[in-house]
Amino acid sequence: MNPKEPALPSALSHRNELAARLEGKRLAVFLDFDGTLAPVVDRPDMAALSDSMRRTVGALAERCPVIVISGRDRKDVHERVGLDTLVYAGSHGFDIAWPDDGTEPLADCTKFHDLLEEVGEALERKLGPVEGVIIEPKSCSVAVHYRLTDEAGAVAVKAAVEGLLASHPRLRGVSGKKVYEILPGLDWDKGKAVLWMLKALDLDGPDVVPVYVGDDITDEDAFNALEGRGIRVYVTDGVDGDGPPAADYCVKDPDEVEILLTFLADRANGGGKGMAR
Ligand SMILES: [Mg+2]
Numbered sequence: 013m014n015p016k017e018p019a020l021p022s023a024l025s026h027r028n029e030l031a032a033r034l035e036g037k038r039l040a041v042f043l044d045f046d047g048t049l050a051p052v053v054d055r056p057d058m059a060a061l062s063d064s065m066r067r068t069v070g071a072l073a074e075r076c077p078v079i080v081i082s083g084r085d086r087k088d089v090h091e092r093v094g095l096d097t098l099v100y101a102g103s104h105g106f107d108i109a110w111p112d113d114g115t116e117p118l119a120d121c122t123k124f125h126d127l128l129e130e131v132g133e134a135l136e137r138k139l140g141p142v143e144g145v146i147i148e149p150k151s152c153s154v155a156v157h158y159r160l161t162d163e164a165g166a167v168a169v170k171a172a173v174e175g176l177l178a179s180h181p182r183l184r185g186v187s188g189k190k191v192y193e194i195l196p197g198l199d200w201d202k203g204k205a206v207l208w209m210l211k212a213l214d215l216d217g218p219d220v221v222p223v224y225v226g227d228d229i230t231d232e233d234a235f236n237a238l239e240g241r242g243i244r245v246y247v248t249d250g251v252d253g254d255g256p257p258a259a260d261y262c263v264k265d266p267d268e269v270e271i272l273l274t275f276l277a278d279r280a281n282g283g284g285k286g287m288a289r
């Protein structure tokens, strides 16, 4: 066991407690993708949802609003989940689409495209020779994955990313699990996106309990945003160790996430029919 793994109570061992919190309430479920719905894999383009998870998420979405929020581009995460009945928030919440296909570009990252492209090219030049580095240009960010590098490679990646950020104050960096992400320096994150969506979906009343399940550093903004308000479940598997996050419960891995979602679908009391805005 990772010694830094947070000492959070297991959500699955506290189902009675969860049931009590959800009694008579409407439910809204926010789900991260990588490491939460799909196991973390060496190459980001290999991440996939199991058929069983897809069925479970689909069944939950028949009972309550389900929102997938990811650092991936919205279309990418939508395709990987493969369900049209959910809300998808891509690019860490910069880009949100409703099931009726309306989209909501919330914080305008278009004016950063040229700069992000330039940064992506600079990273390619610097890190191209480092074996195992995967540079992933996305619509609102550039991700640099180093899960497949050796230690010296990881050091080179860190130095390159920090150097670029230092010379580009309009951008900001986020570090995740064996990945650095370079984003527009806009005041917007998964936490702000979650609060915005609760309002937009008419889910910000006291009769709604938002549940957020996520595994990464970027999910902590959402955990913090839902403090004292929602049920925050941290997925612990593969923790790289930055100390305990601000969550209420934990589950171990996507298999346990699926058990939790099945439980939530059983508890959802019909509050989810109002998906349309
Ligand atoms: Mg994740």
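In terms of the working numbering, the sequence shown opens at residue 13 and continues consecutively.
From the three backbone atoms N, C-alpha and C, an ideal C-beta is built for every residue, glycine too.
DSSP places A155 inside the beta strand (DSSP E), whose first and last residues are V154 to H157. Screening all residues for a C-beta within a distance smaller than 5 Å of any heavy atom in ligand 1 leaves D44, D46, G47, D227 and D228, in chain order.
In terms of Cα proximity to A277, the closest of L127, P21, A59 and M65 is M65. Your pair V145 and V169 checks out as a contact, with CB atoms roughly 6 Å apart and the cut at 8 Å.
Cβ neighbours of L95 within its own chain (closer than 8 Å, five residues either side excluded): R66, V69, G70 and A73. Comparing alpha-carbon positions, the option among E35, R75, I79 and A23 lying closest to L213 turns out to be I79.
A straight line joining the alpha-carbon of G132 with that of L20 spans about 38 Å. The shortest C-alpha to C-alpha distance from V225 to any of D249, D219 and V269 is the one to V269. Beta-carbon to beta-carbon, A60 and V220 are separated by about 31 Å, too far to satisfy the 8 Å threshold.
Residue burial annotation: T248 is buried, with at least 16 other C-beta atoms found within 10 angstroms of its C-beta.
The C-beta separation of A280 from F42 comes to about 14 Å, leaving the pair out of contact by the 8 Å criterion. Distance from the CA atom of H180 to the CA atom of A171, rounded to whole angstroms, is 14 Å.
In the same chain as A134, and ignoring 5 residues on each side of it, the C-beta atoms closer than 7 Å to its own belong to L176, in chain order. Sixteen is the threshold: when 16 or more other Cβ atoms of the shown chains lie within 10 Å of the Cβ of D227, as they do, the residue is buried. The three-state secondary structure of S151, taken from DSSP, is coil. For G226, the pairing in a beta bridge is given by DSSP as Y246.
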